[in-house]
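Below is one structure, written out as structure tokens, with a few remarks after it.
There are 2 protein chains.
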Amino acid sequence: MNPILTAFKTSPDRGRGLARDMPARWALEEVGQPYDVRLVTFAEMKEPAHKALQPFGQIPTYEADGLVLFESGAIVLHIAERHPGLLPTDADARARAIAWMFAAVSTVQPPIVERERAFLLERDKPWFDARQPALEQEVRRRLEDLSDRLGDAEWLDGPFSVGDLMTVTVLRRPAGANLLADYPNLAAYVARAEARPAFQRAYADQLAVFEAASAG
Amino acid sequence: MNPILTAFKTSPDRGRGLARDMPARWALEEVGQPYDVRLVTFAEMKEPAHKALQPFGQIPTYEADGLVLFESGAIVLHIAERHPGLLPTDADARARAIAWMFAAVSTVQPPIVERERAFLLERDKPWFDARQPALEQEVRRRLEDLSDRLGDAEWLDGPFSVGDLMTVTVLRRPAGANLLADYPNLAAYVARAEARPAFQRAYADQLAVFEAASAG
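Heads up: the sequence lines are chains A and B, in that order.
So the first sequence is numbered by full-length UniProt numbering: it starts at 1 and just counts up by one.
So the second sequence is numbered by full-length UniProt numbering: it starts at 1 and just counts up by one.
Here is the structure:
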């Protein structure tokens with residue numbers, strides 16, 4: 001039996017690989033593990049049957065051999081622990097790769113999501129413009145530190161790892177991505193990751209879901 | 001040689017256990033691993049020597065036997081992997097405990113931090129009051145789902161684990177904690193965690209640092 005991911009039946013990102021199933025698909029493609037997808041609507045995500053799998057009514061979930069997991073970071077780490085290729089074998093390097101996963105979701109991502117939420121939810125508010133500079137500055141602080149650390153390296157810490165996979169996932173969100181031109185090494189880093197065949201396959205698969213739903 | 005954590009020389013939380021060294025201290029106390037602390041000032045945190053350890057100029061860092069780690073979640077997980085007591089031995093239960101860690105820092109925490117940042121940075125802005133209901137509602141959505149999942153269980157998934165440690169750490173932040181009275185099972189859950197001897201020791205130690213700095 002293949003593992004099963006849940007994903008949006010109609011993703012609000014219109015298939016641009018920004019929904020949270022994308023990092024899980026990408027990790028499964030990197031390690032060569034086939035998987036199945038069960039699509040859910042927004043209404044279904046908030047129903048008890050889905051919340052039994054995902055307490056916050058979100059996607060993705062991951063089901064395999066009786067295990068039910070949620071949180072894209074946890075799913076990606078679980079996949080990386082069960083297949084070679086996404087975590088270094090050296091114990092210290094492995095711990096550092098996991099540190100980059102946590103940095104991606106809890107340090108780099110929050111100001112990006114906050115800026116994104118202002119665009120989505122406060123665009124028509126009288127304070128929208130006045131809040132923009134501070135929101136942008138918070139994103140830039142993280143991008144600048146990340147750019148300084150990456151330098152001219154190919155990946156954050158040795159070979160491509162789950163740390164890079166989650167960091168690139170976060171950097172692709174538009175509220176950060178639309179500033180990346182000012183950080184050429186980060187822009188090149190994201191482009192390198194997007195060129196990986198596993199990313200391409202995952203991207204094509206999630207886009208196909210959106211296109212099928214739109215055509216249906 | 002004991003592991004070394006970095007922590008604020010003068011914590012902005014005035015020793016209330018809200019700085020990011022707290023979960024690392026707590027985890028080390030839970031597993032009975034002695035540790036040393038190196039205190040850093042705000043200015044020192046932004047200097048190259050500290051940024052070589054922590055790319056975003058934050059605390060804590062963790063140094064042990066040549067390994068340098070950052071991100072409190074990653075440090076807590078690393079400690080839990082090297083000592084018994086904070087991660088289930090069953091592989092599936094272990095993966096679920098790690099899922100709760102990611103849920104804590106990337107799903108429960110962001111709206112709490114966003115509400116906190118409005119209190120800290122936008123208190124004097126003309127839009128402060130108008131934004132409050134939506135900010136509060138976002139926190140409540142997470143608390144309600146978490147409360148539903150916890151139910152009348154003692155901990156989130158079997159015995160106390162790193163998942164509880166990180167979730168309680170997040171729930172203790174005032175911008176969420178000041179709503180907990182409406183979720184009695186979450187309030188009791190946090191109180192149970194705070195009553196643990198390991199929490200008490202970690203709390204006392206970080207408070208002693210603040211009091212020594214204030215007296216100095």
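Heads up, the beta-carbon is just placed ideally off N, CA and C, and yes, glycines get one too.
Asked, Found
"C-alpha gap between B/K46 and B/L53, whole angstroms", "11 Å"
"Residue ranges of each beta strand (DSSP E) within the region 11-54 of chain B, 3 or longer", "36-40"
"Reduced DSSP category for A/A204 - H, G, I as helix; E, B as strand; rest coil", "helix"
"Buried or exposed by the 16-neighbour rule on C-beta atoms within 10 Å, applied to A/M1", "exposed"
"Distance CB(A/G57)-CB(B/D145) smaller than 8 Å", "yes"
"Cβ contact check for the region 199-208 of chain B and the region 16-33 of chain B: 3 or more pairs under 8 Å", "yes"
"Residues, ordered as in the chain, of the region 64-80 of chain B that lie near chain A by beta-carbon distance below 9 Å", "D65, G66, L67, V68, L69, F70, E71, S72, G73, A74, I75, L77 and H78"
"Same chain only: Cβ atoms within 7 Å of B/H83, ignoring 5 sequence neighbours per side", "V31 and Q33"
"Candidates A/S161, A/I112 and A/W127: closest to A/Q137 by CA position", "A/I112"
"Which of helix, strand or coil DSSP assigns to B/Y183", "coil"
"Option in B/A19, B/P3 and B/I4 with minimal Cα separation from B/Q206", "B/A19"
"A/M101 versus A/M166 - alpha carbon distance", "6 Å"
"Per-residue DSSP class, three states only, for B/T169", "helix"
"When B/A103, B/R38, B/P197 and B/E81 are compared against A/A91, the one with the closest alpha-carbon", "B/E81"
"Near-chain A residues of the region 166-177 of chain B (beta-carbon distance less than 9 Å), N- to C-terminal order", "none"
"Delimiting residues of the alpha helix (DSSP H) encompassing A/E154", "Here A/E154 belongs to no alpha helix (DSSP H), and DSSP marks it neither H nor E."
"Segment limits, alpha helix (DSSP H) that includes A/F102", "A91 to A103"
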